[in-house]
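Heads up, the thing below is written out as structure tokens.
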Amino acid sequence: MKNKAPFINELALPIVTAPMFLISGPNLVIECCKNGIVGTFPALNQRSSEGFEEWLIEIKTTLKEFEDTTGKKAAPFGVNLIVHPTNPRLEADLKLCVKHKVPLIITSLGAVSQVVDAIHSYGGLVFHDIIKKRHAEKAAEAGVDGLILVAAGAGGHAGTINPMTLVAEIKKFYDKTIILSGCISTGRDVASALQMGADLAYMGTRFINTEESRATDEYRKMIVEAGASDVTYTASISGVHANFLSASLKAAGITEEDLKKDVKIDFGKELDTEAKAWKTIWSAGQGVALIDDIVPVSTLVENLKTEFKSSIEEQIKVLENFPK
Ligand SMILES: Cc1cc2nc3c(=O)[nH]c(=O)nc-3n(C[C@H](O)[C@H](O)[C@H](O)COP(=O)(O)O)c2cc1C
């Protein structure tokens with residue numbers, strides 16, 4: 091376990107709930123941490139740095155109360171920061187993360203050593219998300235503590251590489267924490283991520299369909315009804331390739347012709363900002379195929395534990411029956 095995130099062995103399951111634009115807020119984060127898995131949210135889910143600090147205080151205070159009253163340890167929580175010149179709040183939000191000693195920072199787009207140094211100054215950890223080897227090498231150079239490998243079929247800005255290949259390719263040169271992202275919806279999937287060589291599973295879409303997420307009922311219902319081929323990978327919405335529920339693209343009047351162009355659509359005034367677009371056009375990964383309920387986080391974690399355990403027991407049986 092040398093070089094691996096120290097909290098891994100303290101979790102109820104090796105899961106980080108992924109930060110999701112418009113979807114994750116304090117309720118989801120708090121419930122995840124209380125149930126022993128890492129909860130995270132994007133700083134930009136709050137409109138201002140002041141609002142972001144209020145959320146940090148709410149999460150820290152509630153988890154402290156939980157620990158004091160139950161004697162149990164809550165899992166660490168994390169914040170997603172977009173490290174890019176287009177994010178005018180980066181400096182202010184980073185200062186707040188340092189002030190409140192946020193245990194885990196997830197950086198997207200840029201991995202820079204200044205951010206890593208700031209978080210390391212109080213003992214925090216930085217995980218960075220990547221979709222290919224070149225980005226992973228750069229992030230490793232910047233000194234991040236873990237790499238989130240976003241494989242094909244993931245919700246949000248997904249990659250295109252098969253998870254088995256991506257994990258194996260990155261593990262050749264990176265020995266710190268490996269977190270696998272993309273289509274992990276069940277406890278069996280979590281066990282499979284470990285089998286591939288990951289240390290932690292990163293789960294987004296599955297957690298949209300929890301009672302504590304900020305998604306609308308219509309969004310969650312569309313996820314229940316969707317199969318893997320009901321998800322469209324397109325750059326038409328944000329200019330960068332991401333996965334969206336095809337039914338929500340259709341409902342927003344986006345045609346096959348628009349999608350074929352694969353460049354950002356000019357939505358005009360109606361959906362002029364990315365936030366407005368993502369409110370109407372719903373992102374989800376191909377893992378929707380295995381999601382058929384909307385449950386509280388506590389129930390989901392219990393189900394994941396049962397599935398995780400039984401799938402590992404199946405593997406042990408295979409080994410036991412193997413000719414010696
Ligand atoms: C609705 C939605 C919003 C997302 N927003 C963000 C975000 O703001 N920042 C980020 O780093 N990743 C974001 N992601 C990607 C997730 O963090 C994660 O990589 C992905 O959900 C994992 O794949 P899965 O959805 O198949 O589990 C988003 C994903 C979804 C589905």
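Residue numbers (the numbering used here): 91 to 414.
Ideal Cβ positions, reconstructed from N, Cα and C, are used throughout, including at glycine.
Source: prediction; values computed, not measured.
Contact check for C187 against I209 passes: the beta carbons are separated by less than 8 Å. Judged by beta-carbon spacing, G375 lies within the 8 Å limit of V321, meaning their Cβ atoms are closer than that value. Counting along the chain, Y292 sits inside the beta strand (DSSP E) bounded by residues 290–293. By the Cβ rule, the stretch 402–411 does not count as touching the stretch 296–311, because fewer than three pairs are nearer than 8 Å. Per the coordinates, the alpha-carbon of K366 lies some 44 Å from the alpha-carbon of K92. Sorting S138, G245, E148 by C-alpha distance to the C-alpha of T107 places G245 at the top. The beta carbons of I371 and F334 sit closer together than 8 Å.
Our two residues, L270 and F263, have alpha carbons roughly 16 Å apart in a direct line. Here the distance from the Cβ of N393 to the nearest heavy atom of ligand 1 is not below 7 Å. S203 and A337 have their C-alpha atoms roughly 41 Å apart.
Assigned with DSSP and collapsed to three states, F167 falls in strand. Within its own chain, the residues whose Cβ lies closer than 7 Å to the Cβ of N125, once the five positions on either side in sequence are excluded, are A102, V387, S388, V391, listed in chain order. Residue environment: H174 is assigned as exposed (fewer than 16 neighbouring CB atoms within 10 Å of its CB, all protein chains considered). Scanning its chain for C-beta atoms nearer than 8 Å, with the 5 sequence neighbours on each side dropped, one finds around P193 the residues F97, P166, F167, G168, G214, L215, in chain order.
Within its own chain, the residues whose Cβ lies closer than 8 Å to the Cβ of G317, once the five positions on either side in sequence are excluded, are V378, A379, listed in chain order. Counting the other Cβ atoms within 10 Å of the Cβ of Y212 gives fewer than 16, which makes it exposed.
Residue environment for I221: buried (at least 16 other C-beta atoms within 10 angstroms of its C-beta). Annotation for Y264 indicates a beta carbon at 7 Å or more from all heavy atoms of ligand 1. For Y212, the CB stays at least 7 Å from every heavy atom of ligand 1.
The C-beta distance from M254 to I105 rounds to 19 Å, too long to meet the 8 Å contact threshold. In this structure the stretch 219–236 does not touch the stretch 128–143; the number of beta carbon pairs closer than 8 Å is below three.
Residue burial annotation: V353 is exposed, with fewer than 16 other C-beta atoms found within 10 angstroms of its C-beta. The beta carbons of V385 and E301 sit closer together than 8 Å.
If you look at P132, you'll find it in the beta strand (DSSP E) that goes 129–132.
Taking C-beta separations shorter than 8 Å and ignoring five residues to either side along the sequence, the partners of I355 in its chain run S326, I327, I344, D348, following chain order. G249 is bridged by DSSP to A242.
Non-local beta-carbon contacts of D235 in its own chain, meaning distances under 7 Å to residues more than five positions away in sequence, involve A95, L215, V216, F217, K266, T267 in chain order.
Contact between D183 and F131 fails: their C-beta atoms lie close to 12 Å from each other, not under 8 Å. Judged by DSSP in its simplified three-state form, Y323 adopts strand. Taken from the Cβ of C187, every heavy atom of ligand 1 lies 7 Å or farther away. Taking a C-beta distance under 8 Å as the contact criterion, G272 and A288 do not qualify as a contact pair. I113 carries a coil assignment under DSSP once its states are collapsed to helix, strand and coil. Counting C-beta atoms within 10 angstroms of its own C-beta, E155 has fewer than 16 neighbours from the protein chains shown and is therefore classed as exposed. By the beta-carbon neighbour count (other beta carbons within 10 angstroms, threshold 16), A201 is buried.
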